[in-house]
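*Asks:* Going letter by letter, the sequence shown gives residues 327 to 410 in the numbering used here.
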Amino acid sequence: MHRIRVYQELCKGVELCGICMALCPVDVFEPSETLTPRGARPPVPRWIERCTGCENCMLYCPDQAIVVIREKSEQQQALEVDQP
Ligand code: SF4
Ligand code: SF4
Numbered sequence: 327m328h329r330i331r332v333y334q335e336l337c338k339g340v341e342l343c344g345i346c347m348a349l350c351p352v353d354v355f356e357p358s359e360t361l362t363p364r365g366a367r368p369p370v371p372r373w374i375e376r377c378t379g380c381e382n383c384m385l386y387c388p389d390q391a392i393v394v395i396r397e398k399s400e401q402q403q404a405l406e407v408d409q410p
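So this is what it looks like as structure tokens:
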């Protein structure tokens, strides 16, 4: 499964921005129930099992507040193991 890291201190909040939620093709995110110290409501990857690893959220976040850690496929892992 892919993983999503949201750097809450960088996010300006889904009410002001919300680009990640709008561009996620499989609706992984929902707004956090709590606010950050500066009053922003960051996205939470509530349905991470849906994530395709497309990286839209990371690429289009204007504040670099999201990192997508893509799970390696079995084929990729096998290639790495096979290399000298
Ligand atoms: S990587 Fe793609 S599918 Fe996964 S949460 Fe981001 S936008 Fe959605
Ligand atoms: S796109 Fe970035 S700044 Fe905008 S709501 Fe999502 S995480 Fe926050």
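Cβ atoms here follow ideal geometry from the backbone N, Cα and C, with glycine treated the same way.
1. On the premise that Ile-330 lies in contact with Val-394, defined as a C-beta separation below 8 Å, what is that separation, rounded to the nearest angstrom?
2. Hey, is Gly-344 close to ligand 2, as in C-beta under 7 Å from one of its heavy atoms?
3. Tell me which same chain residues have a C-beta within less than 6 Å of the C-beta of Pro-357, skipping the five on either side of it?
4. Answer yes or no: the CB of Glu-381 versus the heavy atoms of ligand 1, is any distance below 7 Å?
5. First and last residue of the beta strand (DSSP E) that includes Val-354?
6. Just checking Asp-389 against ligand 2 - is the residue's beta carbon closer than 7 Å to any of the ligand's heavy atoms?
7. Any heavy atom of ligand 1 inside 7 Å of the beta-carbon of Thr-362?
8. Report the three-state DSSP secondary structure of Arg-376 (helix, strand or coil).
*Replies:* In short:
1. Position 68 of the sequence shown holds residue 394. Position 4 of the sequence shown holds residue 330. Approximately 6 Å separates the beta-carbon atoms of Val-394 and Ile-330; this is inside 8 Å, confirming the contact.
2. On the sequence shown, position 18 is the one that residue 344 refers to. Indeed, a heavy atom of ligand 2 lies less than 7 Å from the Cβ.
3. Position 31 of the sequence shown, counting from 1, holds the residue named residue 357. Cβ neighbours of Pro-357 beyond the five flanking positions: Val-340 and Arg-367.
4. Taking the first residue of the sequence shown as 1, we reach residue 381 at position 55. Answer for Glu-381: yes, Cβ within range of ligand 1.
5. By one-based count along the sequence shown, residue 354 stands at place 28. From DSSP, Val-354 is part of no beta strand (DSSP E); its letter is neither H nor E.
6. Here residue 389 is taken as the residue at index 63 of the sequence shown, counted from 1. True, at least one ligand heavy atom lies under 7 Å from that Cβ.
7. On the sequence shown, position 36 is the one that residue 362 refers to. It does not: the Cβ of Thr-362 is nowhere closer than 7 Å to a heavy atom of ligand 1.
8. The residue you call residue 376 lines up with position 50 of the sequence shown. If DSSP states are grouped into helix, strand and coil, Arg-376 belongs with the helices.
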